[in-house]
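Scroll down for the structure; my scribbles are underneath it.
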Amino acid sequence: MGAVMAKNTRVLVEEIALPVVEALGFRYVDTEYAKQGQDWLLTVYIDKDGGVLIDDCETVSRALETILDEKDLIADSYILCVSSPGLDRPLKSERDFARCMGKKIDIKLYKPFEGRKEYTGVLTAYTPASVTIETDENEIIFDCKETAKICLHLDF
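Residue numbers (our numbering): 8 to 163.
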């Protein structure tokens with residue numbers, strides 16, 4: 008199965024997973040469908056306020072497993088995994104950016120901008136084309152195509 012087929016599978020699973028995950032009281036975050044060794048791994052990421060517990064993953068996994076088996080959309084055999092995306096997960100969707108608005112984020116760039124490839128600041132605006140942060144020095148607008156990774160800033 009090629010990259011296009013894997014992407015199509017991911018999109019189909021997302022259409023099924025989103026309403027199931029939300030009906031169970033969780034936030035749908037993302038789906039990955041990728042080959043690992045000899046196996047195909049279908050990973051659905053969920054979240055909720057206060058964090059995700061192993062029992063939460065099990066509940067969602069059972070619900071998704073039943074529906075995915077009924078729909079029989081995936082020709083290859085696969086392993087279904089439901090997981091928390093982790094604290095350092097990349098921000099990808101409009102929902103991710105809306106959730107982090109007003110919070111400190113880290114931005115890593117493909118190429119240096121003003122001599123740096125990494126920036127930290129408060130997220131003040133987002134569009135699919137750009138991300139705006141407020142740093143101690145000034146406001147900076149980044150083109151999303153130039154960002155390698157954007158994630159919530161973690162203070163330890």
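Glycine included, each C-beta is placed from N, C-alpha and C at the ideal position. Because the structure is a prediction, the values reported are computed rather than measured.
- Within the same chain, Cβ atoms closer than 6 Å to the Cβ of GLU39 are found at THR50, the five residues on either side in sequence being excluded.
- Contiguous alpha helix (DSSP H) elements confined to the segment 32 to 116 occur at 61 to 78, 101 to 107, taking only those with 4 or more residues.
- Separation of LYS118 and THR142 (C-alpha to C-alpha, rounded to the nearest whole angstrom) is 19 Å.
- Annotation: the continuous beta strand (DSSP E) that includes THR154 extends over 154 to 159.
- With distances taken between CA atoms, ARG102 lies nearest to TYR35 out of TYR35, VAL59, THR73, SER137.
- DSSP places ASP143 in no beta strand (DSSP E); its state is neither H nor E.
- For ASP162, DSSP assigns no beta-bridge partner whatsoever.
- An exposed status is given to VAL18, since fewer than 16 other beta-carbon atoms sit within 10 Å of its beta-carbon.
- The shortest C-alpha to C-alpha distance from GLY128 to any of HIS160, ALA136, ASP76 is the one to HIS160.
- By the criterion of at least three beta-carbon pairs nearer than 8 Å, the segment 90 to 97 is in contact with the segment 54 to 69.
- As DSSP reads the structure, ARG123 sits in a beta bridge with PHE120.
- For the pair GLU146 and ALA136, the Cα-to-Cα distance works out to about 16 Å.
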